[in-house]
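Participant:
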Amino acid sequence: MRLTGSAVIDRVAGACLLLGLAVAPMVAQAAEEDPWEPVNRAIFRVNDTLDTYALKPLAQGYQWITPQFLEDGIHNVFSNIGDVGNLANNVMQLKPAAAGTDTARLIFNTTFGLFGFFDVGTKMGLQRSDEDFGQTLGYWGVSSGPYVVLPLLGPSTVRDAFAKYPDTYTSPYRYIDHVPTRNTTLGVNVVDTRASLLSAEKLINGDKYIFLRNAYLQNREFRVKDGQVEDDF
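Residues -30 to -1, 1 to 203 in mature numbering (1 follows the signal peptide of the UniProt record, and there is no 0) are what the sequence shown spells out, letter by letter.
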């Protein structure tokens, strides 16, 4: 059956309308979650450029020259330090069992694990938490707010961005008065963290900005709700 020109136009218009109705909820959700996308993308491009030409090569060099056992040990030390924040936030979230596990991990890893170089806690069945003040605010009902990309710090939300300052009270850098020591420790932590993410880059596909935004928001929701995320399907 041949279609007239007007019939073709009507069918194309109908298909576009159906496509628009299907995509509209996703567009509305993206606009709600990321209303500052143009600014966020601009900051993302700057961050990505700095990462590509500075941080990533440093992380690759660090991974290349550092023996695996030493890299694992350094990563474990910083994870052990992070258990202080996990403990504080589990207490604020009224999770006594998790707080008890955090306390036990700190004791065993700091002593028998040589300041955390060896993760004996995990080998003992004491699973590590992953908590921060942003999650604590979410636990108490504070909305995440819009998605925001922070200069140098990367993906965040309004809630998580404000929560970064209280988190500094459970990190060691605030209490290290010797500036070279503080800066060196912070620098090694940043490079070690970036090195641990190198293998994950293979998972990125499509628009890098959208991929990382969606991954961040989904991960934060999962962590705030302790994995109890409702399936929309």
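Yeah, the Cβ is synthetic: ideal placement off N, Cα and C, and Gly gets one too.
Looking at asparagine 50 and glutamate 101, is the spacing between their C-beta atoms short of 7 Å?
Facilitator: Along the sequence shown, one-based indexing puts residue 101 at 131. Along the sequence shown, one-based indexing puts residue 50 at 80. Result no, Cβ atoms of glutamate 101 and asparagine 50 do not sit closer than 7 Å.
Participant: Rounded to whole angstroms, what is the Cα-Cα separation between threonine 140 and glycine 124?
Facilitator: To locate residue 140, count along the sequence shown from 1; it is residue 170. To locate residue 124, count along the sequence shown from 1; it is residue 154. A direct Cα-to-Cα measurement between threonine 140 and glycine 124 gives close to 21 Å.
Participant: Would you list the residues sitting across from leucine 120 in a DSSP beta bridge?
Facilitator: The sequence position of residue 120 within the sequence shown is 150, counting from 1. Paired residue(s): Gly124.
Participant: Is the Cβ-Cβ distance between valine 54 and phenylalanine 87 less than 7 Å?
Facilitator: In the sequence shown, counting from the first residue as 1, residue 54 sits at position 84. In the sequence shown, counting from the first residue as 1, residue 87 sits at position 117. No, Cβ-Cβ distance for valine 54 and phenylalanine 87 is not below 7 Å.
Participant: Can you list, in chain order, the residues of its chain whose CB lies under 6 Å from that of tyrosine 143, leaving out five sequence neighbours each side?
Facilitator: One-based indexing of the sequence shown puts residue 143 at position 173. Within the same chain, tyrosine 143 has close Cβ partners Arg152 and Leu156.
Participant: In this structure, does DSSP put isoleucine 13 in helix, strand or coil?
Facilitator: For the purposes of this step, residue 13 is taken as residue 43 along the sequence shown, with counting starting at 1. The answer is helix: DSSP assigns isoleucine 13 an H, G or I state.
Participant: Could you pull out every residue in the same chain whose Cβ sits closer than 7 Å to the Cβ of phenylalanine 11, ignoring the five residues on either side in sequence?
Facilitator: Within the sequence shown, residue 11 is the residue found at index 41, counting from 1. Here residue 11 turns out to be arginine, not phenylalanine, going by the sequence shown. Correct list, in chain order: Tyr179.
Participant: Report the residue from Leu96, Leu25, Phe181 and Gly52 whose alpha carbon sits nearest the alpha carbon of threonine 138.
Facilitator: Along the sequence shown, one-based indexing puts residue 138 at 168. Measuring from the Cα of threonine 138, the nearest candidate turns out to be Gly52.
Participant: According to DSSP, is isoleucine 51 helix, strand or coil?
Facilitator: Position 81 of the sequence shown holds residue 51. Looking at isoleucine 51 - three-state DSSP - the assignment turns out to be helix.
Participant: Comparing C-alpha positions only, which one of Thr106, Glu171, Ala74 and Thr163 sits nearest to methionine 62?
Facilitator: Sequence index remark: in the sequence shown, residue 62 carries index 92 (1-based). Residue nearest to methionine 62 within the set Thr106, Glu171, Ala74 and Thr163 is Thr106 (criterion: CA-CA distance).
Participant: Buried or exposed: which applies to leucine -12, given that a residue is buried once 16 or more other Cβ atoms fall within 10 Å of its Cβ?
Facilitator: Locating residue -12 in the sequence shown gives position 19, counting from the first residue. With a pLDDT of only 36 at leucine -12, under the threshold of 50, the placement of this residue in the model should not be trusted, and no figure is reported.
Participant: Could you give the C-beta distance for valine 161 and tyrosine 32, rounded to a whole number, given that I count them as a contact under 8 Å?
Facilitator: By one-based count along the sequence shown, residue 161 stands at place 191. By one-based count along the sequence shown, residue 32 stands at place 62. Confirmed, about 5 Å.
Participant: Would you report the Cα separation of isoleucine 35 and tyrosine 135, rounded to the nearest angstrom?
Facilitator: As a working mapping, residue 35 is identified with position 65 in the sequence shown. As a working mapping, residue 135 is identified with position 165 in the sequence shown. Roughly 34 Å separates the two Cα atoms.
Participant: Going by the CB atoms, is the gap between proline 150 and proline 5 shorter than 7 Å?
Facilitator: Working through the sequence shown from its first residue, we reach residue 5 at position 35. Working through the sequence shown from its first residue, we reach residue 150 at position 180. Taking 7 Å as the cut-off, the Cβ atoms of proline 5 and proline 150 do not count as close.
Participant: My understanding is that phenylalanine 78 touches glycine 91, with C-beta atoms under 8 Å, so please give their C-beta distance in whole angstroms.
Facilitator: For the purposes of this step, residue 78 is taken as the residue at position 108 of the sequence shown. For the purposes of this step, residue 91 is taken as the residue at position 121 of the sequence shown. Indeed they touch by this definition, with Cβ atoms about 5 Å apart.
Participant: How long is the line joining the alpha carbons of phenylalanine 39 and leucine 84, rounded to whole angstroms?
Facilitator: As a working note, residue 39 is residue 69 in the sequence shown. As a working note, residue 84 is residue 114 in the sequence shown. Rounded to whole angstroms, phenylalanine 39 to leucine 84 spans 14 Å at the Cα level.
Participant: Using the rule of at least 16 other Cβ atoms within 10 Å of the residue's Cβ for burial, across every protein chain shown, is glycine 108 buried or exposed?
Facilitator: On the sequence shown, position 138 is the one that residue 108 refers to. For glycine 108, the number of other beta carbons within 10 angstroms of its own is at least 16, and it is reported as buried.
Participant: Which same chain residues, not among the five before or five after glutamine 159, have their C-beta less than 6 Å away from its C-beta?
Facilitator: As a working mapping, residue 159 is identified with position 189 in the sequence shown. In the sequence on display, residue 159 carries asparagine and not glutamine. The answer, listed in chain order, is Phe48.
Participant: Quick check on the burial criterion: 16 or more other C-beta atoms within 10 angstroms. Buried or exposed for leucine 167?
Facilitator: Here residue 167 is taken as the residue at index 197 of the sequence shown, counted from 1. The residue is exposed, with fewer than 16 neighbouring Cβ atoms inside 10 Å.
Participant: Go through its chain and collect everything with a Cβ distance to valine 118's Cβ below 7 Å, but skip five positions before and after it.
Facilitator: On the sequence shown, position 148 is the one that residue 118 refers to. Leaving aside the five residues that flank valine 118 on each side, the residues in its chain whose CB is nearer than 7 Å to its CB run, in chain order, Trp6, Asn10, Ser126, Thr127, Val128 and Ala131.
Participant: Quick one: measure Cβ to Cβ for arginine 164 and leucine 25, integer angstroms, because I've assumed they're closer than 8 Å.
Facilitator: Taking the sequence shown and counting its residues from 1, one reaches residue 164 at position 194. Taking the sequence shown and counting its residues from 1, one reaches residue 25 at position 55. Between leucine 25 and arginine 164 the Cβ distance is about 5 Å, and since that is below 8 Å, they are a contact.
Participant: Please list, in chain order, all residues of the same chain as lysine 195 whose beta carbon is under 6 Å from its beta carbon, the five residues on each side excluded.
Facilitator: Within the sequence shown, the letter at position 225 stands for residue 195. Nothing meets the Cβ criterion.
Participant: Measure from the C-beta of alanine 165 to each C-beta in chain B and report whether the shortest distance is under 7 Å.
Facilitator: Among the chains of the structure shown, chain B does not appear; only one protein chain is present.
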